[in-house]
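**Q** Dropping the structure in here first, questions after.
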Ligand code: UDP
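Residue numbers (the working numbering): 9 to 270.
Next comes the structure, spelled out in structure tokens:
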């Protein structure tokens with residue numbers, strides 16, 4: 009870890025440091041788990057390492073299919089080098105199955121499959137508890153332009169289709185997830201790219217056979233076994249070595265590929 013570097017921002021689960029070159033940032037994954045807007049807080053040993061590695065895997069897979077992300081490379085067990093972006097203050101949530109706040113708000117049964125995916129937007133503001141907003145608010149308050157919003161929706165749907173299939177192949181149902189986007193300038197052109205992270209901290213993953221929750225609901229609902237669940241996701245993605253450790257360095261594991269579940 010580089011010493012004496014400048015901290016840019018500390019969030020609930022990650023810290024951002026100034027990167028080695030202009031336009032780069034180091035994203036550090038902490039072991040902190042929070043829920044209910046920070047009301048509950050615990051340190052869960054090993055969570056940061058898993059989220060760093062899972063995010064790397066997913067963002068590299070997105071890049072492979074032509075979805076631009078802020079990810080440059082993983083630096084070590086807890087850190088990755090990312091492109092500096094101007095974060096759009098929105099959480100874009102996609103739902104394939106009814107769960108969480110949707111089930112609660114509308115009194116619906118968790119686990120019901122939706123006939124089509126639903127996209128929701130939340131305005132990122134801890135003091136306001138991230139209120140749900142509509143496209144009208146987003147464009148009226150200039151959080152994003154209509155064309156930026158259109159780009160985000162198109163990318164989100166593509167990510168959803170791609171990841172639904174990817175997780176299905178390893179016996180996991182992708183119930184819902186949250187994405188964040190940022191503005192990035194490259195060669196004088198500004199475009200919207202995927203930012204933040206993709207880990208079991210911000211999605212719901214259910215084992216297809218058993219229905220077991222393999223995501224942060226284990227913490228939210230006091231189910232225990234969070235690290236084991238995240239490890240199981242990493243193992244099925246093919247990114248844990250034989251000892252069950254997350255792979256550090258560029259060591260290639262035997263079959264560095266998702267473990268297909270029959
Ligand atoms: N989510 C997130 N950050 C948030 C709120 C939600 O990553 O601040 C994710 C959450 O993990 C889930 C999806 O977005 O995969 C939908 O969450 P929901 O609205 O059901 O909220 P929650 O149950 O977390 O209150």
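Virtual Cβ for every residue (Gly too), placed ideally from N, Cα, C.
What residue range is occupied by the uninterrupted alpha helix (DSSP H) comprising residue 108?
**A** Here residue 108 corresponds to residue number 100 of the chain shown, with the count starting at 1. Unbroken alpha helix (DSSP H) run through residue 108: 108 to 114.
**Q** Kindly indicate the opening and closing residues of the beta strand (DSSP E) around residue 56.
**A** As a position in the chain shown, residue 56 is number 48, starting the count at 1. Premise fails: residue 56 lies in the alpha helix (DSSP H), 55 to 72, not in any beta strand (DSSP E).
**Q** Mapping DSSP to helix, strand and coil, what is residue 16?
**A** Locating residue 16 in the chain shown gives position 8, where the first residue counts as 1. Note: residue 16 maps to strand in three-state DSSP.
**Q** So is the beta-carbon of residue 230 under 7 Å away from any non-hydrogen atom of the ligand UDP?
**A** Position 222 of the chain shown holds residue 230. No, Cβ of residue 230 sits at least 7 Å from all heavy atoms of the ligand UDP.
**Q** Using the three-state DSSP reduction, which class does residue 173 fall into: helix, strand or coil?
**A** Position 165 of the chain shown, counted from the start, is the residue given in the question as residue 173. Note: residue 173 maps to helix in three-state DSSP.
**Q** When the distance is taken between beta carbons, is residue 62 closer than 8 Å to residue 242?
**A** Counting from one through the chain shown, the residue named residue 242 turns up at place 234. Counting from one through the chain shown, the residue named residue 62 turns up at place 54. Their beta carbons are under 8 Å apart, which means residue 242 touches residue 62 by this criterion.
**Q** On the criterion of 16 or more Cβ atoms from any shown chain inside 10 Å, does residue 155 qualify as buried, or is it exposed?
**A** Indexing the chain shown from 1 puts residue 155 at position 147. Exposed is the call here.
**Q** Report the three-state DSSP secondary structure of residue 257 (helix, strand or coil).
**A** Reading the chain shown from its first residue, position 249 is the one you call residue 257. With a pLDDT of 49 at residue 257, under the threshold of 50, the modelled position of this residue cannot be trusted; read the value that follows with caution. Coil, per DSSP.
**Q** Tell me, which residues are paired with residue 197 by DSSP?
**A** In the chain shown, the residue the question calls residue 197 occupies position 189. Answer by DSSP bridge pairing, in chain order: 194.
**Q** How should residue 103 be labelled, buried or exposed, when 16 other C-beta atoms within 10 angstroms of its C-beta is the threshold for buried?
**A** Counting from 1 along the chain shown, the entry for residue 103 is found at position 95. Looking at its Cβ environment, which holds 16 or more other Cβ atoms inside 10 Å, residue 103 is buried.
**Q** In the structure shown, what three-state DSSP assignment does residue 36 receive?
**A** Within the chain shown, the letter at position 28 stands for residue 36. It is a strand residue.
**Q** Name the two residues that bound the continuous beta strand (DSSP E) containing residue 82.
**A** Taking the first residue of the chain shown as position 1, residue 82 is located at position 74. From DSSP, the beta strand (DSSP E) with residue 82 extends over 79 to 82.
**Q** Suppose contacts are defined by Cβ-Cβ distances below 8 Å. Is residue 223 in contact with residue 213 by that definition?
**A** If you number the chain shown from 1, residue 223 lands on position 215. If you number the chain shown from 1, residue 213 lands on position 205. Yes, these two residues count as a Cβ contact at 8 Å.
**Q** Report the three-state DSSP secondary structure of residue 21 (helix, strand or coil).
**A** By one-based count along the chain shown, residue 21 stands at place 13. It is coil, neither helix nor strand.
**Q** Considering only their Cβ atoms, is the gap separating residue 99 from residue 186 smaller than 8 Å?
**A** In the chain shown, the residue the question calls residue 186 occupies position 178. In the chain shown, the residue the question calls residue 99 occupies position 91. Their beta carbons are under 8 Å apart, which means residue 186 touches residue 99 by this criterion.
**Q** Between residue 191 and residue 50, what straight-line distance do the alpha-carbon atoms span, to the nearest angstrom?
**A** Counting from one through the chain shown, the residue named residue 191 turns up at place 183. Counting from one through the chain shown, the residue named residue 50 turns up at place 42. About 32 Å.
**Q** Would the beta-carbon of residue 210 be found less than 7 Å away from any heavy atom of the ligand UDP?
**A** Along the chain shown, read from residue 1 onward, the residue named residue 210 stands at position 202. It does: the Cβ of residue 210 is within 7 Å (strictly closer) of some heavy atom of the ligand UDP.
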